[in-house]
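Below is one structure, written out as structure tokens; comments come after it.
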Amino acid sequence: MLCVLGAIRAWAEPAVDLMLPRHCEHCQRPSVGWLCEDCAAALDELARAARCGTCAFPLPQARVPCARCLGRSGRLIGRFARLGTHSGILRDLVLRLKFAGRWTLSKELGNMLARDEVAAELLQAADMVVPVPLFWLRQMHRGYNQSALLAEEIAGIHGKPLVHALRRLRHTEAQSSLRSRTARARNVQGAFILRGRAQQFVGKRIVLVDDVLTSGATLRAAARALAEAHPAHVDAVVLSLADPKGRDFTTM
Ligand SMILES: [Zn+2]
Ligand SMILES: [Zn+2]
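5 is the number of the first residue of the sequence shown in our numbering; add one for each residue after it.
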């Protein structure tokens, strides 16, 4: 399906570009690039904001571990990298990527994400990149898995193999629609299983890729399924980090 779409896009895009003036993907004003100058600057500001180098939570100072991460070890997922918080322009672009059929945004956003300092560090050290899968019925309705497209982009940029190592066994509610940590954990508990030979993951460093991180329950459920194959290490890279309390990180 995607191969066919990709071929159509590759064939049609140059012609469409010649015929139509480009518009900014966020504000729709005429633009030379995929974003106008103002929107590119706004996205850049989100991408440059300081965050904890372990859990990716916003912090006044970049890279230092936050109080929650200081001295903690033995977690299913070692470190998280993200492009920005799930707010403003990035929230809009992620929603377009997921729900408005704008799957080609995975290229621009994936490109930016691959160049994030922490993400690049994790990807350089990785043996493989694994996307968080959608349930097959949801993927069939949407026509694509945005996390797999992002993973493909960032794996390609860092020259790492993309491995579809997981299968999602059932439909789960959107984590953002659930308010408590317990409800989110229960929602995705046992939602993933390993696919393919477990042997290929033994002792490997894996980077999981998803679109939005809320409480981390989805990524932890995916990492738990990977843990059965005894990888050496699992990190996670996402586009945006949503405030699990739904308050845009205003009352941290
Ligand atoms: Zn704009
Ligand atoms: Zn932290």
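Just so you know, even glycine gets a beta-carbon here, dropped at the ideal spot from N, CA and C.
Assigned with DSSP and collapsed to three states, Phe205 falls in helix. One thing to note: Leu245 has its Cβ no nearer than 8 Å to the Cβ of Leu223. Contact between the stretch 121-137 and the stretch 79-92 is present: three or more C-beta pairs spanning the two stretches fall below 8 Å. At a Cβ-Cβ threshold of 8 Å, Leu50 and Thr89 count as neighbours. The bridge partners DSSP lists for Leu217 are Leu245. Taking a cut-off of 8 Å for Cβ pairs, the stretch 204-220 and the stretch 36-56 do not touch, as fewer than three such pairs fall below it. Taking the Cβ atoms as the reference, His27 lies roughly 14 Å from Leu97, outside the contact range of under 8 Å.
Scanning its chain for C-beta atoms nearer than 7 Å, with the 5 sequence neighbours on each side dropped, one finds around Ser110 the residues Leu101, Gln150, Leu153, Leu154 and Glu157, in chain order.
Under the three-state reduction of DSSP, His145 is assigned to helix. Here the C-alpha atom of Leu63 lies approximately 23 Å from the C-alpha atom of Gln179.
Any heavy atom of ligand 2 counts here; residues with a Cβ closer than 6 Å to one of them, in chain order, are Cys56, Thr58, Cys59, Phe61, Pro69, Cys70, Arg72 and Cys73.
Within the model, the alpha-carbon separation for Leu198 versus Ala229 is close to 6 Å. Assignment of Leu74 by DSSP, reduced to helix, strand and coil, places it in the coil class.
The residue from Pro69, Ala169 and Leu127 with its alpha-carbon nearest to that of Val241 is Leu127.
Here Lys249 is exposed: its Cβ has fewer than 16 other Cβ atoms, across all protein chains shown, within 10 Å.
At least one heavy atom of ligand 1 falls within 7 Å of the beta-carbon of Asp42. Around the C-beta of Gly37, fewer than 16 other C-beta atoms lie within 10 Å, and the residue is accordingly described as exposed.
About 5 Å separates the beta carbon of Ala130 from that of Arg209, a gap short enough to meet the 8 Å contact definition.
The beta carbon of Ser219 is closer than 6 Å to those of Arg185, Arg188 and Pro248 in its chain, skipping five residues each way along the sequence.
In the three-state scheme derived from DSSP, where H, G and I count as helix and E and B as strand, Gly163 is classed as coil. Taking 4 residues as the shortest admissible run, the stretch 50-109 contains the following complete alpha helix (DSSP H) segments, listed from N- to C-terminal end: 92-103.
When DSSP states are grouped into helix, strand and coil, Leu126 belongs to the helix group.
Taking non-hydrogen atoms of ligand 1 into account, the C-beta of Arg33 is found less than 7 Å away from one of them. Note: Pro135 is bridge-paired with Val213 in the DSSP secondary-structure output. When the five nearest sequence neighbours on each side are left out, the beta carbons in the same chain lying within less than 7 Å of the beta carbon of Ser35 are those of Arg26, His27 and Cys28, in order along the chain. Remark: C-beta atoms of Val133 and Val211 approach each other more closely than 8 Å.
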